[in-house]
Each structure stands twice: as C-alpha cells, then as structure tokens.
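Q:
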Amino acid sequence: NAGVMQNPRHLVRRRGQEARLRCSPMKGHSHVYWYRQLPEEGLKFMVYLQKENIIDESGMPKERFSAEFPKEGPSILRIQQVVRGDSAAYFCASSPTDDQPQHFGDGTRLSIL
Amino acid sequence: GENVEQHPSTLSVQEGDSAVIKCTYSDSASNYFPWYKQELGKRPQLIIDIRSNVGEKKDQRIAVTLNKTAKHFSLHITETQPEDSAVYFCAASTGGFKTIFGAGTRLFVKA
C-alpha cells in the first residue's frame with residue numbers, strides 16, 4: 702500500500718507566479734489535510750478536505766490560496782501570485798476517517814525567488 | 033480555538049537516559065492525542081497516540097500519559113539511543129478535525 706504521495710518534492714517559482722502542489726492520499730483514505738511548516742517551526746494547519754468538499758479552511762489565507770480534492774485525481778493546493786513569504790515546506794496528510802491517525806507525505810519544499 | 037503548548041523546545045540527554053516531553057492543551061473537547069517524530073528533511077511519522085478514554089499507553093521504549101483533568105499529556109522515551117535524535121511534535125484533535133500541533137521539541141541524544 703503506497704503511502705501519501707506528494708509532488709513535486711521541490712518547486713521553485715518567481716514572485717508573481719502560481720504554485721500547484723499535488724497530494725495523492727493513501728489508498729482507501731478519503732480525508733486530506735494540508736499543513737505548512739517554516740524552517741525550525743511546527744506544523745500549521747491550513748485546510749481539511751474530503752472528496753469534493755472543503756470541511757475546514759480556517760488555517761488557509763483568504764487570498765491567493767485555494768485547495769480542492771476532486772472526485773477523481775489528487776488533492777491540489779494552489780497558491781497564486783506567490784510572494785517570498787510563501788517559501789516553506791507544505792505537507793499533506795491523509796486518514797481513512799476523521800478519527801483515525803493522519804499519515805504524512807514527504808512534503809513539497811517551495812522556494813520563491 | 034485549540035492551543036497546544038509543548039516543552040521543552042530543546043532537550044539534550046545522554047545515551048541510555050530517559051527523555052520526557054510535555055504538552056498542554058486548551059480545548060476540553062479534544063479526545064485524540066498523537067505524537068510524531070520528524071527527522072531532518074523528512075516527513076513527520078506517527079510514533080504513538082492515545083485517546084481520551086485511556087490514561088497511559090506504552091509501546092516498547094515509548095510511553096504516553098494523559099491527564100484529562102489537568103489537560104496535559106507527556107511522551108516518555110526510555111533507554112534513549114542516538115537514532116532517537118529528531119524533532120518530536122505533540123498534537124491534539126477533536127475527532128480528527130483540525131489537528132493542532134505543538135511547536136516541537138528538538139531532542140539530541142549524545143553517544
């Protein structure tokens with residue numbers, strides 16, 4: 702059973718460009734969570750999604766950030782018009798139900814030039 | 033909303049000694065408390081978890097205790113080894129919704 706798959710592992714963008722981060726949950730998992738981690742800091746919750754639904758997006762900035770988890774395909778975290786402050790590691794986690802442990806992917810390290 | 037505080041931020045122990053990391057949470061509705069280990073540049077990995085109907089759980093050299101009245105929980109690692117060196121995160125959750133993580137404890141185990 703493959704784990705949570707994130708791609709790309711590293712993404713470099715220039716200020717003003719768009720960043721798209723992808724997350725394929727573990728097989729059988731329909732709950733996806735996105736977290737942001739700055740160097741030397743903890744994991745900050747961004748958004749929690751089930752298939753086709755955003756359940757909680759209270760940790761995600763209202764502007765420039767969006768997330769989706771379509772019926773088919775991976776979950777996407779999209780950052781428009783990136784700024785230097787968006788540089789971070791973005792981790793995705795998945796779980797089979799909302800009361801089961803979350804399993805993390807390897808993360809996408811986003812660097813903004 | 034939920035707030036999780038974790039102490040200490042850095043912990044250095046001699047190989048073979050025990051390490052204890054403590055966390056407190058604010059939301060009395062929290063009922064699930066996982067602990068994750070993150071090595072440099074790698075994913076957080078679940079090492080142990082505890083639910084609110086249990087006061088203590090043990091898995092080999094790792095144990096977690098929970099005091100619901102005081103709203104604090106702790107991770108205990110016995111007979112520490114150099115490979116235990118990593119950052120450890122506690123977390124609190126109300127049934128899987130929005131899990132809130134502590135700021136992390138950087139554990140150094142000196143050989």
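Protein sequence lines correspond, in order, to chains A and B.
Residue numbers for the first sequence follow this note's numbering, beginning at 702 and rising by one.
Residue numbers for the second sequence follow this note's numbering, beginning at 33 and rising by one.
For each residue, glycine too, the CB sits at the ideal point set by N, CA and C.
Residues of the region 63-89 of chain B in Cβ contact with chain A at a cutoff of 8 Å, in chain order, please.
A: Here the close residues are Tyr64, Pro66, Tyr68, Lys74, Arg75, Pro76, Gln77, Leu78 and Asp81.
Q: I think arginine 715 (chain A) touches valine 784 (chain A), with their Cβ atoms under 8 Å apart; what is that distance to the nearest whole Å?
A: Residue mapping note: residue 715 (chain A) aligns to position 14 of the first sequence, counting from 1. Residue mapping note: residue 784 (chain A) aligns to position 83 of the first sequence, counting from 1. Actually they do not touch by this definition, with Cβ atoms about 11 Å apart.
Q: Please list, in chain order, the chain A residues whose beta carbon lies closer than 7 Å to that of phenylalanine 133 (chain B).
A: Residue 133 (chain B) sits at position 101 when you count from the first residue of the second sequence. Ordered by position in chain A, the residues that pass the 7 Å Cβ test against phenylalanine 133 (chain B) are Gly743 and Leu744.
Q: Could you confirm whether any beta carbon from chain B is found closer than 8 Å to the beta carbon of histidine 804 (chain A)?
A: Taking the first sequence and counting its residues from 1, one reaches residue 804 (chain A) at position 103. At least one chain B Cβ lies under 8 Å of histidine 804 (chain A).
Q: Starting from phenylalanine 121 (chain B), find everything on chain A with Cβ-Cβ shorter than 9 Å and list it in chain order.
A: Within the second sequence, residue 121 (chain B) is the residue found at index 89, counting from 1. Here the neighbours are Gly743 and Leu744.
Q: Starting from glycine 808 (chain A), find everything on chain B with Cβ-Cβ shorter than 8 Å and list it in chain order.
A: Locating residue 808 (chain A) in the first sequence gives position 107, counting from the first residue. Within chain B, the residues near glycine 808 (chain A) are Arg75.
Q: With DSSP as the reference, label aspartate 787 (chain A) as helix, strand or coil.
A: As a working mapping, residue 787 (chain A) is identified with position 86 in the first sequence. Three-state result, aspartate 787 (chain A): helix.
Q: Quickly, what does DSSP pair leucine 778 (chain A) with across the bridge? List them, please.
A: Along the first sequence, read from residue 1 onward, the residue named residue 778 (chain A) stands at position 77. For leucine 778 (chain A), which the question treats as bridged, DSSP gives the partners A:Leu722 and A:Ala768.
Q: Using only the alpha-carbon positions, how far apart do serine 788 (chain A) and isoleucine 813 (chain A) sit?
A: Residue 788 (chain A) sits at position 87 when you count from the first residue of the first sequence. Residue 813 (chain A) sits at position 112 when you count from the first residue of the first sequence. About 6 Å.
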